[in-house]
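Protein chains in written order, with my numbering: chain A, 10 to 111; chain B, 233 to 697.
First comes the structure, then the notes that go with it.
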Ligand SMILES: Cc1cc2nc3c(=O)[nH]c(=O)nc-3n(C[C@H](O)[C@H](O)[C@H](O)COP(=O)(O)OP(=O)(O)OC[C@H]3O[C@@H](n4cnc5c(N)ncnc54)[C@H](O)[C@@H]3O)c2cc1C
Ligand code: FES
């Protein structure tokens with residue numbers, strides 16, 4: 010099933026991003042979170058202590074559930090970050106250095 | 233440091249209307265918002281790269297948002313919009329600190345209008361941290377703005393009319409919605425909803441949603457709630473059940489459905505970090521969503537020159553946000569000498585009239601769909617409450633049993649709320665739990681004391697450059 014809705018608008022340029030080594034399609038202006046959902050990939054990180062899978066929750070930059078490593082930068086909230094051509098996105102294994110990364 | 237007459241934080245209907253009105257009165261305004269475009273939650277724009285062909289097909293909210301943004305654009309010379317700006321702190325003298333790209337900036341404003349909006353109320357149940365459990369608001373954003381289905385087989389669980397809107401959007405876009413669980417009882421829901429929607433001028437919209445759901449044969453199960461979500465590493469099925477009047481599960485009525493996504497939509501919590509940083513006095517009102525800053529009839533808080541408008545001042549919908557924004561702007565402009573008292577009064581008459589009518593109905597809606605404690609009382613001890621630090625309900629209950637009753641004390645001992653979301657997710661849950669366990673009303677549970685930065689400083693790349 011194509012999760013991208015078509016209705017009354019046209020998407021812009023499409024390109025690929027790399028998620029844990031595999032190519033995922035994205036469109037100009039989409040967040041990384043949207044591109045991941047469209048591809049059916051839902052785990053963004055592992056929780057700190059219990060190492061349980063986590064994903065998108067609030068969708069607005071509040072919960073920190075969608076943190077991933079984007080172009081080497083850990084703790085990037087993918088619901089608030091636009092996909093860019095060839096950006097490299099990785100599942101994050103814990104809350105790395107949260108306070109230090111400020 | 234840059235100085236402006238009025239700084240407005242938040243670019244939803246509240247902030248947009250405040251900016252437009254202030255500009256009309258002649259004031260110079262800066263409007264700050266963290267997103268790439270204006271619109272806020274309800275009127276969020278399509279992503280930048282998308283080209284709109286037929287706006288009518290994008291829905292009523294989209295068209296309404298465009299109207300407000302056009303109104304604002306007519307006052308370009310008076311309004312500076314800074315998108316991609318995350319406000320992380322406010323300091324004495326109305327100094328506002330924000331991150332714009334990698335640059336940390338500050339500005340000083342004579343008057344400040346806070347229009348931060350609200351966020352989905354977190355409600356824990358076993359499995360709520362699994363990927364595939366998302367908030368109703370996140371789902372709305374995905375279907376309405378990013379135009380992506382967040383799942384293929386979805387279960388909506390929560391309360392209030394936004395669930396109907398979400399359900400209708402999802403089925404229209406081709407998703408399978410297995411059911412909408414509405415925790416309120418059947419009587420309350422079906423009896424009052426049409427009337428209330430009608431009074432808001434939203435009757436037609438409400439009925440369209442209901443018709444859409446009926447056409448797609450989506451059952452709306454009143455008096456039901458989700459009990460648990462299960463799956464191996466992500467959502468695969470959900471258990472739901474009937475609930476009593478206090479929203480506690482009636483055991484023996486559980487059913488299991490296969491779904492890939494749960495949308496949890498239990499209403500909204502006002503964002504009050506900035507008004508709390510300013511030192512505004514707050515009070516608790518369940519029908520408004522919890523703690524809100526106290527304000528006079530012009531939306532001015534207990535701190536002179538600081539206004540709160542829209543959902544951060546109480547959850548009452550987008551129409552109230554817009555009118556309240558206008559009212560605050562009129563008052564601020566009068567204080568700045570841009571309007572005489574007479575002019576201000578004249579300008580506010582019609583706004584106040586519309587606002588009065590709207591707030592009456594909104595507060596009735598708020599009461600009808602206000603949270604009940606049963607959902608929180610039945611959280612199993614092993615369920616995680618603080619998603620960042622993975623503190624369980626049992627750990628929080630032990631702390632309360634030891635006599636800790638304020639959010640800050642519980643945080644210090646258990647670490648719940650110490651993670652990077654700064655307690656925004658667990659704070660409301662913990663306060664419900666304290667209230668249940670101690671028998672004190674929620675207004676007696678002291679909330680968290682925020683400190684800057686109130687937003688993480690590592691957000692991504694929404695800045696304009
Ligand atoms: C995720 C979500 C989706 C929603 N979708 C709908 C819907 O489809 N239909 C509906 O009727 N209602 C919806 N609502 C309800 C909605 O909140 C309101 O009715 C309406 O948007 C409120 O307007 P507002 O101006 O008060 O705030 P908002 O529209 O929430 O606008 C506030 C703006 O301020 C920004 N902001 C907040 N804090 C900061 C900061 N520190 N720095 C910079 N910017 C900041 C936010 O990003 C946002 O853009 C939704 C709510 C949420 C949380
Ligand atoms: S999903 Fe909550 S911060 Fe991105």
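Glycine included, each C-beta is placed from N, C-alpha and C at the ideal position.
Residues near residue 594 (chain B) in its chain [Cβ-Cβ closer than 6 Å; skip 5 each side]: Counting from one through the second chain, the residue named residue 594 (chain B) turns up at place 362. These residues qualify, in order along the chain: 548, 549, 552.
Runs of beta strand (DSSP E) wholly within the region 497-564 of chain B (minimum 3 residues, chain order): 500-502, 514-517, 522-525, 538-540
Whether residue 458 (chain B) touches residue 413 (chain B) by CB criterion (8 Å): In the second chain, the residue the question calls residue 458 (chain B) occupies position 226. In the second chain, the residue the question calls residue 413 (chain B) occupies position 181. For residue 458 (chain B) and residue 413 (chain B), yes; Cβs fall inside 8 Å.
Touching by the beta-carbon criterion (3+ pairs, under 8 Å), the region 273-288 of chain B and the region 459-469 of chain B: no
When B:342, B:297, B:383 are compared against residue 538 (chain B), the one with the closest alpha-carbon: As a position in the second chain, residue 538 (chain B) is number 306, starting the count at 1. Selected option, being the one with the closest Cα: B:342.
Member of B:481, B:444, B:340 whose CA lies at the smallest distance from the CA of residue 605 (chain B): As a working note, residue 605 (chain B) is residue 373 in the second chain. Nearest of B:481, B:444, B:340 to residue 605 (chain B), Cα basis: B:481.
Residue 660 (chain B) versus residue 517 (chain B): straight-line alpha-carbon distance, rounded: Sequence index remark: in the second chain, residue 660 (chain B) carries index 428 (1-based). Sequence index remark: in the second chain, residue 517 (chain B) carries index 285 (1-based). So the two alpha carbons sit approximately 13 Å from each other.
For residue 83 (chain A), three-class secondary structure by DSSP: In the first chain, residue 83 (chain A) corresponds to position 74, counting from 1. Residue 83 (chain A): strand per DSSP, three-state reduction.
Coarse secondary structure for residue 703 (chain B), derived from DSSP in three states: An answer regarding residue 703 (chain B) cannot be provided, because it is not within the stretch 233 to 697 covered by chain B.
Alpha-carbon to alpha-carbon, residue 355 (chain B) and residue 648 (chain B): As a first step, residue 648 (chain B) must be located in the second chain, where it is residue number 416. As a first step, residue 355 (chain B) must be located in the second chain, where it is residue number 123. Approximately 15 Å between the Cα atoms of the pair.
Any 3 or more C-beta pairs closer than 8 Å across the region 299-309 of chain B and the region 246-260 of chain B: yes
Residue range of the unbroken beta strand (DSSP E) whose run includes residue 328 (chain B): Against the second chain, residue 328 (chain B) aligns to sequence position 96. It spans 327-332 - the beta strand (DSSP E) in which residue 328 (chain B) sits, taken as one unbroken run.
Any chain A beta carbon closer than 8 Å to residue 506 (chain B): Your numbering for residue 506 (chain B) matches position 274 in the second chain. Chain A, which has no Cβ nearer than 8 Å to the Cβ of residue 506 (chain B), makes this no.
Own chain, CB closer than 6 Å to residue 301 (chain B), minus 5 neighbours either side, in chain order: Within the second chain, the letter at position 69 stands for residue 301 (chain B). Within the same chain, residue 301 (chain B) has close Cβ partners 270.
Neighbour flag for residue 352 (chain B) against chain A, beta carbons, 8 Å: The residue you call residue 352 (chain B) lines up with position 120 of the second chain. Answer yes: the Cβ-Cβ gap between residue 352 (chain B) and chain A drops below 8 Å somewhere.
Burial state of residue 18 (chain A) (16 or more Cβ within 10 Å): Here residue 18 (chain A) refers to the residue found at position 9 when the first chain is read from its first residue. Classification of residue 18 (chain A): buried, given that the 10 Å Cβ count is 16 or more.
Exposed unless 16 or more other CB atoms sit within 10 angstroms - verdict on residue 493 (chain B): For the purposes of this step, residue 493 (chain B) is taken as residue 261 along the second chain, with counting starting at 1. So residue 493 (chain B) ends up on the buried side.
9 Å Cβ cut-off: residues of chain A touching residue 190 (chain B): Outside the shown range of chain B (233 to 697) lies residue 190 (chain B), about which nothing can therefore be said.
Chain A contacts from the region 292-313 of chain B (Cβ-Cβ distance under 8 Å): none
C-beta atoms of residue 233 (chain B) and residue 346 (chain B) nearer than 8 Å: Counted from its first residue, the second chain places residue 233 (chain B) at position 1. Counted from its first residue, the second chain places residue 346 (chain B) at position 114. Contact: no.
Residue 373 (chain B) CB to nearest heavy atom of ligand 1 below 7 Å: Walking along the second chain from the start, residue 373 (chain B) turns up at place 141. Result yes, Cβ under 7 Å from ligand 1.
Between the CA atoms of residue 618 (chain B) and residue 67 (chain A) - distance to the nearest angstrom: Taking the first chain and counting its residues from 1, the one referred to as residue 67 (chain A) is at position 58. Taking the second chain and counting its residues from 1, the one referred to as residue 618 (chain B) is at position 386. If you take the alpha carbons of residue 67 (chain A) and residue 618 (chain B), they lie about 14 Å apart.
Residue 111 (chain A) versus residue 394 (chain B): straight-line alpha-carbon distance, rounded: For the purposes of this step, residue 111 (chain A) is taken as residue 102 along the first chain, with counting starting at 1. For the purposes of this step, residue 394 (chain B) is taken as residue 162 along the second chain, with counting starting at 1. Because residue 111 (chain A) carries a pLDDT of 39, less than 50, the predicted location of this residue cannot be relied on, and the following value inherits that uncertainty. The straight-line gap from Cα to Cα measures roughly 36 Å.
First through last residue of the alpha helix (DSSP H) which encompasses residue 698 (chain B): Lying before the first or after the last residue shown, residue 698 (chain B) is absent from chain B, which here runs from 233 to 697.
Coarse secondary structure for residue 357 (chain B), derived from DSSP in three states: Working through the second chain from its first residue, we reach residue 357 (chain B) at position 125. Residue 357 (chain B) falls in the coil class under three-state DSSP.
The alpha helix (DSSP H) enclosing residue 351 (chain B), as first and last residue numbers: Locating residue 351 (chain B) in the second chain gives position 119, counting from the first residue. Where residue 351 (chain B) is concerned, there is no enclosing alpha helix (DSSP H), although the beta strand (DSSP E) it sits in stretches over 350-352.
Proximal residues of chain A, C-beta to C-beta of residue 290 (chain B) below 7 Å: As a position in the second chain, residue 290 (chain B) is number 58, starting the count at 1. Residues of chain A passing the Cβ test: 17, 18.
Residue 344 (chain B) Cβ short of 7 Å to ligand 2 heavy atom set: Position 112 of the second chain, counted from the start, is the residue given in the question as residue 344 (chain B). Outside the cutoff, so no.
Residue 102 (chain A): CB within 7 Å of a non-hydrogen atom of ligand 1: As a position in the first chain, residue 102 (chain A) is number 93, starting the count at 1. Checking the Cβ of residue 102 (chain A) against ligand 1 gives no.
is_contact[residue 109 (chain A), chain B] using C-beta, thresh 8 Å: Working through the first chain from its first residue, we reach residue 109 (chain A) at position 100. Low confidence applies to residue 109 (chain A): its pLDDT is 45, below 50, so where it sits in the model is not reliable enough to give any reading.
Check: residue 445 (chain B) C-beta below 7 Å from any heavy atom of ligand 3: This structure lacks ligand 3; the ligands present are ligand 1 and ligand 2.
Residues near residue 692 (chain B) in its chain [Cβ-Cβ closer than 8 Å; skip 5 each side]: Walking along the second chain from the start, residue 692 (chain B) turns up at place 460. Legend: pLDDT at residue 692 (chain B) = 48, less than 50; position of this residue unreliable, no value from coordinates given.
Cβ-based burial, residue 536 (chain B) [other Cβ within 10 Å; buried from 16]: By one-based count along the second chain, residue 536 (chain B) stands at place 304. Exposed, by the Cβ-count rule.
Beta-carbon proximity check, residue 502 (chain B) vs residue 455 (chain B), cutoff 8 Å: To locate residue 502 (chain B), count along the second chain from 1; it is residue 270. To locate residue 455 (chain B), count along the second chain from 1; it is residue 223. The answer is no: Cβ separation not under 8 Å.
One or two residues paired with residue 321 (chain B) in a DSSP bridge: On the second chain, position 89 is the one that residue 321 (chain B) refers to. B:329.
Beta-carbon spacing of residue 369 (chain B), residue 383 (chain B) below 8 Å: Translated into the one-based positions of the second chain, residue 369 (chain B) becomes position 137. Translated into the one-based positions of the second chain, residue 383 (chain B) becomes position 151. No, Cβ-Cβ distance for residue 369 (chain B) and residue 383 (chain B) is not below 8 Å.
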